[in-house]
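The structure under discussion appears below in the form of structure tokens.
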Amino acid sequence: DTEVTQTPKHLVMGMTNKKSLKCEQHMGHRAMYWYKQKAKKPPELMFVYSYEKLSINESVPSRFSPECPNSSLLNLHLHALQPEDSALYLCASSQVRTGNTGELFFGEGSRLTVL
Amino acid sequence: AQSVTQLDSQVPVFEEAPVELRCNYSSSVSVYLFWYVQYPNQGLQLLLKYLSGSTLVKGINGFEAEFNKSQTSFHLRKPSVHISDTAEYFCAVSDHENSGGYQKVTFGTGTKLQVIP
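Those sequence lines, one after another, are chains A and B.
Start counting the first sequence at 1; every next residue gets the next number (my numbering).
Start counting the second sequence at 1; every next residue gets the next number (my numbering).
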């Protein structure tokens, strides 16, 4: 069983809708990540939060808005998406203490379809 | 900067046969190396990792990998595959630098292992 929980597992939305993806972990990790994965491709990094502060934004369009309300939660707010944004969105977490090995713990993902 | 190359996009293999999935990396600094597995419609799960020490690393589900610094390779092997091993396998590297409390992980393009009954 994964220790990173993502909801919803599936989401269908129109281009004018506003929705959110949620991610929760209780492993005490202080780095959390959003990845986007298209079919038959590796995960692409979107955002990294470290100690609840946004550390990396990989030039992601503003229609994706991340939020880290506390050390256990990570949200991705979606607005005015395009059909090409349809993908599997993966949340991950990792340690940030000295000796961090970069090992990522992934959730099962949220499958997003934009109509 | 670092990069990961998985030359084989698909590897078909008969059940109970051995398999090797190839991974080569490039980096100007010391790296940590990983293999992740992704089953259909699921997230990624760590198979094994190389941090330091013994170059032969054993992971879950009977997989192992060998780190070869001179050839900058980290190939994944299993002596006898099962149908349940059918999945996508990603090689990944992460450098030793710890800026901002996180590390950026670079993934290879993945290898689809198709186990044939």
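We put the CB at the ideal spot given by N, CA and C, even for glycine.
Here the stretch 99–112 of chain A makes no contact with the stretch 5–20 of chain B; the two share fewer than three CB pairs at distances below 8 Å.
By the neighbour-count criterion, in which 16 or more other beta carbons inside 10 Å mark a residue as buried, Pro66/A falls on the buried side. When Asp95/B, Phe90/B, Lys112/B are compared, the shortest CA-CA separation from Glu44/A is found for Phe90/B.
At a cut-off of 7 Å, the C-beta of Ser94/B has a neighbouring C-beta in chain A.
With a cut-off of 8 Å on Cβ pairs, the stretch 40–60 of chain B is not in contact with the stretch 108–115 of chain B, counting fewer than three such pairs. In the structure shown, Pro66/A adopts extended strand secondary structure according to DSSP, grouped into three states. The Cβ atoms of Val12/A and Cys91/A do not sit closer than 7 Å to each other. Exposure of Glu58/A is indicated by the presence of fewer than 16 other C-beta atoms within 10 angstroms of its C-beta. Per DSSP, Ile56/A is one residue of the beta strand (DSSP E) stretching across 53–57. Leaving aside the five residues that flank Ile116/B on each side, the residues in its chain whose CB is nearer than 8 Å to its CB run, in chain order, Pro12, Val13, Phe14, Glu15.
Here the alpha carbon of Lys36/A sits roughly 31 Å from the alpha carbon of Asn68/B. For a cut-off of 8 Å, the C-beta gap from Val31/B to Tyr25/B is around 7 Å, short enough to register as a contact. Here DSSP, grouped into helix, strand and coil, assigns Ser26/B to strand. For Val57/B, the closest Cβ of chain A is not nearer than 7 Å. Interface annotation, Thr109/B: in contact with chain A, CB-CB separation under 7 Å. Below the 7 Å Cβ cutoff, chain A contributes no neighbours of Tyr25/B, its closest Cβ being approximately 13 Å away.
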